[in-house]
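**Q** Could you have a look at this structure, given as structure tokens, before my questions?
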Amino acid sequence: MKKTALYILLITIIGSCQNRLDLGNDSAAIKLFELIPPEQSGIDFNNFIVENRTVNYFVFMQLYMGAGIAVGDINNDGLPDLYFNSNFGQNKLYLNRGNLQFEDITEAAGVGANEGFRTGANMVDINDDGFLDIYICRSGWYKEDFIKRNLLYINNGDATFTESAKNYGLDDPRNSIQSTFFDYDKDGDLDMFLINTTTDFSYTRKMGKMDYFHQEEGFKALNSNDILYQNNGDGTFADVSAAAGILSDIGFGLSVLSADFNDDGWTDVFIGNDFVTPDYLYINQGDGTFREQSKEYFKHTSLFSMGSDAADINNDGLTDLFVLDMMPKDYKRSKTSMAMVDPVAFKKSIEWGYNYQYGHNMLQLNNGGNQGRPEQVVPFSEISQLAGVSKSDWSWAGHLADFDNDGYKDIYITNGLKKYVTDQDFAAKIEERYRTQNYPEKIEDLLNDLPSGEAKNFMYRNDGNGLAFSDYSTTWGLDTLSFSNGCVVADLDNDGDLDIVTNNSDSKAFLFENKSEKLENGYLRINLKGSKQVKPRNAKAYLKDGNGKILQFQEAIVTRGYLSNSESTLHFGTGRLTEIPLVEVVWLDGQVSRLENVATNQVLAIDYKTAQPAAKPQSPATPYFTEKTSSIIPPFVHQENEFDDFKNQVLLPHRESANGPSLAVGDVNGDGLEDFFVGGATRQAGCLYLQYQNGSFSKSNQPAFEKDNNYEDVGALLFDADQDGDNDLYVVSGGSEFGATGQEYQDRLYLNNNGAFSLAVAALPVINASGGSVAAADYDQDGDLDLFVGGRILPDQYPFTPKSYLLRNDRGKFAEATTAEMQEIGMVADAIWADADGDQDDDLIVVGEWMRIEVFKNNGGLLQLATEDLGLSQTRGWWNRIAAHDIDGDGDLDFIAGNLGLNYKFHTSPEKPFKVYAGDFDKNGTVEIVLTKEVQGDYMPIRGKTCSSVQTPSLKEKFPTFSAFADANVLQIYGAENIKEAFTYEAHIFESVMLINEGGRFRIINLPIEAQMFPLKGIVVTDVNQDNIKDLVLGGNHYAAEVETTRADAGIGLVLQADKNGNFQQLTVSQSGFFVPNDVINMKRISLAGGKTGILVVNNNGALQLFQYTLNLQ
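Quick note on numbering: the sequence shown equals residues -11 to 1102 in our numbering.
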């Protein structure tokens, strides 16, 4: 790559790797939605909530859950009509008369359904007569069976309906929440999946092994099981749940989606469960059965899952998933409404078989889990924190749709709760009442103490790559406060954009007219017409360019959001495109309809009659990597020892005892083949693997390693320490299990004697700091290799700085030569020696937690800190890895630095840095930690009152209420003098970056957003496709987070393939073959027998992996 190409690189690398549409006008400054008043629209529906001594939240916890809406054209006049469910009043059917004017025809239509607590609504042509029918779910506290049975209104074809649920076998008597209709067995008729719940809410607090919930006979009486109803084809339905593999348990389902999540052509089912019950993903096996595989597809899920939606957010042709929870975006509300997560209970839930569950919204990005390789499940990457959509308050419905017609799907979210029942001050007041037996005379007295949860709805606009969103709620005119629940999205006035209708509790429904015609962006709407044998539901529509690449994709999913169904028409915003080169519809039976050169700004009807057999699928291309881990005999599995890092520092952000294993590569027996060493955890010896000519590896018996198995091996290096011509082994000891200065932190040097390693007891000075890394270079140019050893942590004193060491090699014995500015450089995670300034000697580059990218220039053997001179003063971050390479091909060394990334709870910027304060604030002899963020000009603690009071008990009395704590800044909480004297760090940047060497200073360029999804810990620069352009192979995760911080597990391995213009293209796992979904700690290249090349990957508490390049690359 020439120097001029660098400037192209600077522009292109910041963007996404995905295909992009020709975007239309920017909607940033336009009020896109107008609230149409009821007197104008004719929609005066109000879902009022009845609350008294007999009926209240304490009797029925779902009292405030609201109700749904169904939208569809009931009279086939081309205009979508609206049906509203009511929890207490009469349901309403509004006929669309055009121009956003509606007529209430409820009484004439016979669909009032004014009994029972009505929840979910659906429109579906259940009898295949060409007219939409209405299915209603009912629940409640009632003892009478009849009042909870679900209803089915059959359309008579004349705008009247006949209730017929019993005739169809669909008058389910359980406490039903929502239904979804889909053809799961591909027999040509629509089946139904029904989610139910229990009204015995004592089970919201019970937890047991997963098998317990699925097998306990007593639960059957709760009538909470989810049910799969098979359409018998004769106008009746049968419960086939048990035979189909649907679990029997206590369900707290609030949403259900039917979609093809693994892209195998069969429709699957997702259930978002509230409370303790985990979310379920039923994967359709194609034989009439399902297999629950949520833990295989999702590395973590929401805790209190609410509404959900499925759509392709990044235009890669795969169905992604969005699930809502109840994490407030407002700082004060987050501190007054969210209880502390119990670490013991959290750990027990994992042991009992639950998935990792966290209390915020989840955006699950589909990585293509079935593309040609059904035997390998590739999990989704959860990216809500990267995307900026993890918090939206007590949220109900989420809709993924293109509201500004720019070609990218946005996210609309309904919010609000009549009474904020999780208010912690209210909970404390209740607890005190019962403790003192001061019971209220009236239930109303309790209810009046609850604060209102009225909130704005959210609109997140897609920033144009599908991986990041911006809050446009106020800009687009959608920030009216309300208790909004169910919601539908449809083009109600047939003007080519999507309008929004919400069902509100205790106020009239919202009708928001979309005015996106102001933007002059185009659209394409597709109506699918199926046949008697093939229904349009779950058909897949693709917009493609002239080369067949996907521009957009939608699956025909009707039931979505919360308790509602949206329009069946597929809506595509097309920006400034006036023509789509190719439109393809893949029907449920696999046949394909194709239309070429389709004009935009029209409603396109596509009939199944046009379908043709699909072209024979091409065999998947050979991936660039093949996993060869099986050639390592016996396999190495790192076994992290159990240790409670949080015992003495409750508010640690993450475990510091889980930084291994170490990895070192080199030829130890002089046979010309590279071998490798992988370190063990405490009470696990490290292993040396020798390579043989056939490319296999075997473990070398090394008694010295076995003897030292009490150490935690976190860093390792194979190098010739004693200049005898073979590689010796240096191992860095780390962890935090051994107190502040345990002898187990002593590093070790093992000398190589013809392949047998022995500990060189006197070769190293005393090292009593818990280390992290080691790097070797002849920095003083005396002919031998010297060492820099980075100190990682001071156990129980986070984030105070450990000591680092510069060790000068004096004929195989190492003497300390550490300078003052080097020994407390920071919490070092990695270091390399490289010629950063082009003067032909090795400089030292050091990175770590809360550190800058520090550079020590080598001036004739004198190492001097030059970070600020090189333009790196504002680079404090949580760095994990540093690698050197001439990225731009101009002859000097550039660098790639792996940071925390952007998909994490913590965010920062130079303007609003993320800060930590540490000190013995309560004078009890221990170091307290306060992580803080900027909120409206003040620095506020990130952790809440309860856990902060566990760390500093005096806070419980100082702030008797959660509200008082939430109003106080860090100075007021801990005292201005304490904060002034505290040990303080701040971080300016969490992005992983490239440092482009511009001759004396470095230009910082963020890696593409795909590389910000995970903490970057493994970096290999190599030519993957043999085009003489270096590509990036990346890996990383971070499973060590404390339980209130979502663990970073979105990484599955990333290959970024570069072209001659500096563009990076992300390869799928199927294309790359590089699949590292675990807790990656480090990656290194290794030369393999026969001139081949591989990559070694080490995982904390997991198996080592080896990948071989398919092409014979160097």
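All C-beta atoms in this analysis are idealised placements derived from N, C-alpha and C, irrespective of residue type, glycine included.
By the three-class DSSP mapping on this structure, what secondary structure does residue 756 have?
**A** In the sequence shown, the residue the question calls residue 756 occupies position 768. DSSP places residue 756 in coil when its eight states are reduced to three.
**Q** Nearest-angstrom Cα distance between residue 742 and residue 656?
**A** What you label residue 742 is simply residue 754 of the sequence shown in a count that begins at 1. What you label residue 656 is simply residue 668 of the sequence shown in a count that begins at 1. Residue 742 and residue 656: Cα-Cα distance of roughly 8 angstroms.
**Q** Between the region 98 to 115 and the region 131 to 144, do at least 3 Cβ pairs fall closer than 8 angstroms?
**A** Contact holds: three or more Cβ-Cβ distances are below 8 angstroms.
**Q** If you drop the 5 nearest sequence neighbours on each side, which residues of the same chain put their C-beta closer than 6 angstroms to that of residue 639?
**A** On the sequence shown, position 651 is the one that residue 639 refers to. Excluding positions up to five away in sequence, the list reads 917, 931, 939.
**Q** How is the beta strand (DSSP E) around residue 94 delimited, first residue to last?
**A** Position 106 of the sequence shown, counted from the first residue, corresponds to residue 94. Not the beta strand (DSSP E): residue 94 falls in the alpha helix (DSSP H), residues 94 to 97.
**Q** With DSSP run on the structure shown, which of helix, strand or coil describes residue 249?
**A** In the sequence shown, the residue the question calls residue 249 occupies position 261. DSSP places residue 249 in coil when its eight states are reduced to three.
**Q** With distances taken between CB atoms, is the gap from residue 1087 to residue 1074 smaller than 8 angstroms?
**A** Counting from 1 along the sequence shown, the entry for residue 1087 is found at position 1099. Counting from 1 along the sequence shown, the entry for residue 1074 is found at position 1086. No. Outside cutoff.
**Q** How about residue 1002 and residue 1024: do their beta carbons lie closer than 8 angstroms?
**A** Taking the sequence shown and counting its residues from 1, the one referred to as residue 1002 is at position 1014. Taking the sequence shown and counting its residues from 1, the one referred to as residue 1024 is at position 1036. Result yes, Cβ atoms of residue 1002 and residue 1024 sit closer than 8 angstroms.
**Q** Let me know the alpha helix (DSSP H) ranges lying completely inside the region 660 to 717, each 4 residues or longer, listed in chain order.
**A** Counting whole runs of 4 or more residues, the region 660 to 717 contains the alpha helix (DSSP H) stretches 691 to 695.
**Q** Run the CB neighbour count on residue 518, radius 10 Å, all protein chains shown included, and call it buried at 16 or more, exposed below.
**A** Counting from one through the sequence shown, the residue named residue 518 turns up at place 530. The residue is buried, with at least 16 neighbouring Cβ atoms inside 10 Å.
**Q** Please specify which runs of the alpha helix (DSSP H), each continuous and at least 4 residues long, are wholly inside the region 383 to 464, giving them in chain order.
**A** Fully enclosed alpha helix (DSSP H) runs of 4 or longer: 412 to 423, 431 to 437.
**Q** Quick one: which unbroken beta strand (DSSP E) runs of 3-plus residues sit fully inside the region 59 to 133? Chain order, please.
**A** Whole beta strand (DSSP E) segments, 3+ residues: 69 to 72, 80 to 86, 89 to 92, 105 to 112, 121 to 127.
**Q** Would you kindly work out how many angstroms separate the C-alpha atoms of residue 621 and residue 1080, rounded to a whole number?
**A** In the sequence shown, the residue the question calls residue 621 occupies position 633. In the sequence shown, the residue the question calls residue 1080 occupies position 1092. Each residue's alpha carbon lies about 19 angstroms from the other.
**Q** Out of curiosity, what's the CA-to-CA distance linking residue 479 and residue 841?
**A** Within the sequence shown, residue 479 is the residue found at index 491, counting from 1. Within the sequence shown, residue 841 is the residue found at index 853, counting from 1. Looking at the two C-alpha atoms, the distance is approximately 52 angstroms.
**Q** So what does residue 559 bridge to, in DSSP terms?
**A** Locating residue 559 in the sequence shown gives position 571, where the first residue counts as 1. Residue 559 is bridged to 513.
**Q** Assuming residue 79 and residue 72 are in contact, meaning their beta carbons sit under 8 angstroms apart, how far apart are those beta carbons, in whole angstroms?
**A** Mapped onto the sequence shown, residue 79 falls at position 91. Mapped onto the sequence shown, residue 72 falls at position 84. Indeed, because the Cβ distance is near 6 angstroms, the residues count as touching under 8 angstroms.
**Q** What are the start and end residues of each continuous beta strand (DSSP E) run of 3 or more residues lying completely inside the region 275 to 321, in chain order?
**A** Counting whole runs of 3 or more residues, the region 275 to 321 contains the beta strand (DSSP E) stretches 278 to 280, 288 to 290, 296 to 299, 308 to 311.
**Q** Which residues in the same chain as residue 390 place their Cβ atom closer than 6 angstroms to its Cβ, once the five residues preceding and following it in sequence are excluded?
**A** As a first step, residue 390 is located in the sequence shown; it is residue number 402 there, counting from the start. Taken in chain order, the residues that qualify are 397, 561.
**Q** Tell me the DSSP bridge mates of residue 594?
**A** Taking the sequence shown and counting its residues from 1, one reaches residue 594 at position 606. For residue 594, which the question treats as bridged, DSSP gives the partners 516.
**Q** Classify residue 174: buried if its beta carbon has 16 or more other beta carbons within 10 angstroms, exposed otherwise.
**A** Taking the first residue of the sequence shown as 1, we reach residue 174 at position 186. Buried.
**Q** What's the gap between the Cα of residue 1099 and the Cα of residue 1041?
**A** Indexing the sequence shown from 1 puts residue 1099 at position 1111. Indexing the sequence shown from 1 puts residue 1041 at position 1053. If I take the Cα positions, the gap works out to 19 angstroms.
**Q** Report, in whole angstroms, the separation of the C-beta atoms of residue 800 and residue 751, which I expect to be a contact under 8 angstroms.
**A** Indexing the sequence shown from 1 puts residue 800 at position 812. Indexing the sequence shown from 1 puts residue 751 at position 763. Right, their Cβ atoms sit about 6 angstroms apart.
**Q** Specify the secondary structure class of residue 554 as computed by DSSP and reduced to three states.
**A** Residue mapping note: residue 554 aligns to position 566 of the sequence shown, counting from 1. Residue 554: coil per DSSP, three-state reduction.
**Q** State the Cα-Cα distance for the pair residue 627 and residue 824, rounded to the nearest angstrom.
**A** As a first step, residue 627 is located in the sequence shown; it is residue number 639 there, counting from the start. As a first step, residue 824 is located in the sequence shown; it is residue number 836 there, counting from the start. If I take the Cα positions, the gap works out to 37 angstroms.
**Q** Nearest by alpha-carbon distance to residue 951: which of 187, 58, 38, 414 is it?
**A** The residue you call residue 951 lines up with position 963 of the sequence shown. That would be 414, whose Cα lies nearest to the Cα of residue 951.
**Q** Between the beta-carbon of residue 1032 and the beta-carbon of residue 329, is there less than 8 angstroms?
**A** Taking the sequence shown and counting its residues from 1, one reaches residue 1032 at position 1044. Taking the sequence shown and counting its residues from 1, one reaches residue 329 at position 341. In this structure, residue 329 lies closer than 8 angstroms to residue 1032 by Cβ.
**Q** For the beta strand (DSSP E) containing residue 490, list its first residue and its last residue.
**A** Here residue 490 refers to the residue found at position 502 when the sequence shown is read from its first residue. 487 to 492 is the extent of the beta strand (DSSP E) around residue 490.
**Q** When the Cα of residue 526 is compared with those of 576, 569, 460, 571, which residue comes out closest?
**A** Your numbering for residue 526 matches position 538 in the sequence shown. Nearest of 576, 569, 460, 571 to residue 526, Cα basis: 576.
**Q** Can you tell which of 487, 443, 458 has its C-alpha closest to the C-alpha of residue 467?
**A** For the purposes of this step, residue 467 is identified with residue 479 of the sequence shown, where counting begins at 1. Among 487, 443, 458, the Cα nearest to that of residue 467 belongs to 443.
**Q** Within 10 Å of its beta-carbon, does residue 490 have 16 or more other beta-carbons around it, so buried, or fewer, so exposed?
**A** Sequence index remark: in the sequence shown, residue 490 carries index 502 (1-based). It counts as buried.
**Q** With 16 as the cutoff for other CB atoms within 10 Å, does residue 990 come out buried or exposed?
**A** Position 1002 of the sequence shown, counted from the first residue, corresponds to residue 990. Under this definition residue 990 is a buried residue.
**Q** If you measure between the beta carbons of residue 1067 and residue 287, is that distance less than 8 angstroms?
**A** Locating residue 1067 in the sequence shown gives position 1079, where the first residue counts as 1. Locating residue 287 in the sequence shown gives position 299, where the first residue counts as 1. Cβ distance not < 8 angstroms, so residue 1067 and residue 287 don't count as in contact.
**Q** Are the CB atoms of residue 157 and residue 231 within a distance shorter than 8 angstroms?
**A** Within the sequence shown, the letter at position 243 stands for residue 231. Within the sequence shown, the letter at position 169 stands for residue 157. Not closer than 8 angstroms, so no.
**Q** In or out: residue 610 buried (at least 16 other Cβ within 10 Å) or exposed?
**A** Locating residue 610 in the sequence shown gives position 622, where the first residue counts as 1. Result: exposed.
**Q** Using 8 angstroms as the Cβ pair cut-off and three pairs as the minimum, do the region 724 to 744 and the region 687 to 699 touch?
**A** Output reads yes: the region 687 to 699 touches the region 724 to 744.
**Q** Could you tell me whether the Cβ atoms of residue 983 and residue 999 are closer together than 8 angstroms?
**A** The sequence position of residue 983 within the sequence shown is 995, counting from 1. The sequence position of residue 999 within the sequence shown is 1011, counting from 1. No, Cβ-Cβ distance for residue 983 and residue 999 is not below 8 angstroms.
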